[in-house]
Amino acid sequence: MTLLRYSLRNIAATRIRFTLTTLAVVIGVALTVGVLINTDGLRAALSDLAGDLYDQVDLSVRSQSTLGNADQWQDLRLLDPSLKDRLEAIDGVEKTAGAVSEFNVVAIGADGEAIDPELSQQGGMGWPEDESLGRIFPLDDGVSRRPAGPDEFAMDQHTAAAFGFRIGERYQVATPTGTHRFELVGVFYFMEPDFQSPFQLVAWDMDTARDVLHDGGGYDLIDVRLSSGASLDEVTASIERELGPAYAVLSQQEQVEARDQEMSDLLDVFRNALLAFAVIVLVISAFITYNTFTLVTGQRLKEFGLLRVLGADRRQVASTVALEALVMGALAAVVGLGLGLLVSEAIGGILAAAGSNLPPTELTVGAGPILAALALGVGLTVIISLLPAMRARRVTPMVALADD
């Protein structure tokens, strides 16, 4: 009888104990794999979103950060609107559009209560002066339109529907310059009509947005689209010469990478928080598994002694314990990987129910989750079994002759 057959027969003889111990490992593997699959999917979806955000923009101009780093967005001066004319006069520039936005801009419902942010980011923005360079568009519902004048605003379609905002009614909006009342003249969608935005947004025409968000100040940045056939490097150099070192000129790729990094940093915090819980479960699973192997090894000392009498050497006796751990770990890895897909779906469902409004993700299993399942399922279980296996290795044939 080979050692593998012997180990498998022993597993079959103690299948209830084996199943329960394996289940403890499976839970830890499934939680870890589920978190990795979910965050990998979110990372890919948010990366695609960042690319779509800047799809129509070739360059963006903003003030240079006072921190002296072109990648920094803190402490930026607002841009004078006259810069648009200077940019449009540069060879290779087809059109420009200023952008104004602020976070923590909150609409107040008819009941006088501020809308619940849930897990979304709340913000306000100026309606793009040129919609071909914008990311928001009026919903084609027969009544919605873009706001015009200091008395009107619009809201993203999902927030308006979720909180009962009605076109034609007047609502208060809390902004950096105070709380003001506007008429809701339309709802809009973000990039695509069926896209679920991760933001709760309100918008005004650009002049009103500059007043309520920046107290009459300028733009946060100016987006630039190049003429057909224009060289990106040449136009960038021309803009830098025209505006001087006080301004930063960012390419589409630089902005996508910056947004990718911001989103990745946020996802890392979220992933690490969930993985911390999974690690706690894994520690408990490891403790249960170690105690089980230690207990079972102690109960089988006479059996190991008989194996020594029948000619098995120390290494072969220890290998029986390690083989059982290997089978347990392999089974836990496979089952845990499968259950990890369900855990990933559950995490997505919980986030959606909490109002996260995150973009839809594809359920794909990359190399990371597979390696994690093998490392935790097989690797951890085999390592845990080493001490009990060493105890079995020390058993001598004389143990088989000892009285119980």
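Just so we're aligned, residue 6 is where the sequence shown starts under the numbering used here, counting upward by one.
Cβ atoms here follow ideal geometry from the backbone N, Cα and C, with glycine treated the same way.
GLY97 versus LEU231, ALA153 and THR44, residue with shortest Cα-Cα distance | For GLY97, the closest alpha carbon among the candidates LEU231, ALA153 and THR44 is that of LEU231.
Which one of LEU248, LEU51 and GLN177 has the shortest CA to CA distance from ALA119?
-> By alpha-carbon distance to ALA119, the top candidate from LEU248, LEU51 and GLN177 is GLN177.
Across which residues does DSSP place GLY384 in a beta bridge pair?
-> For GLY384, which the question treats as bridged, DSSP gives no partner whatsoever.
Under the three-state reduction of DSSP, which class applies to GLU118: helix, strand or coil?
-> Look at GLU118 here: in three-state DSSP terms it is coil, with no helix or strand label.
Do GLY345 and GLY33 have their C-beta atoms within less than 8 Å of each other?
-> Contact flag unset, no.
If you count every other CB in all the chains shown that lies within 10 Å of the CB of ALA338, and 16 or more means buried, which is it?
-> Taking a 10 Å sphere around the C-beta of ALA338, we find 16 or more other C-beta atoms and assign the residue as buried.
Smallest Cα separation from HIS185: which of SER106, LEU218 and ALA167?
-> Comparing Cα positions, the closest option is LEU218.
Inspect the CB distances between the stretch 347-358 and the stretch 383-398 and report whether three or more fall short of 8 Å.
-> The stretch 347-358, when compared against the stretch 383-398, does not touch it at the 8 Å Cβ threshold.
Which of the three DSSP states, helix, strand or coil, is assigned to TYR224?
-> It is a strand residue.
In the structure shown, what three-state DSSP assignment does ALA253 receive?
-> Looking at ALA253 - three-state DSSP - the assignment turns out to be strand.
C-alpha distance - GLY73 paired with LEU328, whole-angstrom precision | The predicted model places GLY73 with a pLDDT of 49, which falls under 50 and marks its position as unreliable; any figure quoted below should be read in that light. Cα to Cα, the separation comes out at about 59 Å.
So is GLN304 buried or exposed if we call it buried at 16+ other beta carbons inside 10 Å?
-> Classification of GLN304: exposed, given that the 10 Å Cβ count is below 16.
Which runs of the beta strand (DSSP E) fall wholly inside the stretch 131-185 and span at least 3 residues, in chain order?
-> With a minimum length of 3 residues, the continuous beta strand (DSSP E) runs that stay inside the stretch 131-185 are 141-143, 157-161 and 175-180.
Which first and last residues belong to the beta strand (DSSP E) in which SER324 is found?
-> Counting along the chain, SER324 falls outside any beta strand (DSSP E), though it belongs to the alpha helix (DSSP H) covering 319-358.
What number of angstroms, rounded off, separates the C-alpha of GLN258 from the C-alpha of LEU64?
-> Per the coordinates, the alpha-carbon of GLN258 lies some 9 Å from the alpha-carbon of LEU64.
Rounded distance between the beta-carbons of GLN205 and ASP161, thought under 8 Å | In this structure, ASP161 and GLN205 form a Cβ contact; the two beta carbons are roughly 7 Å apart against a cut-off of 8 Å.
Provide the residue(s) that pair with ARG421 in DSSP beta bridges, ordered along the chain.
-> Since the first residue shown for the chain is 6 and the last is 409, residue 421 is missing from the structure and cannot be characterised.
Taking just the CA atoms, how far does GLY341 sit from LEU311?
-> Rounded to the nearest angstrom, the two C-alpha atoms are 36 Å apart.
Taking 7 Å as the line, does the beta carbon of THR184 fall inside it for any heavy atom of the ligand PLP?
-> By its list of ligands, the structure shown contains no ligand whatsoever, and the ligand PLP lies outside what it can speak to.
Buried or exposed: where does ASN43 fall if 16 or more other Cβ atoms within 10 Å of its Cβ makes it buried?
-> Buried is the call here.
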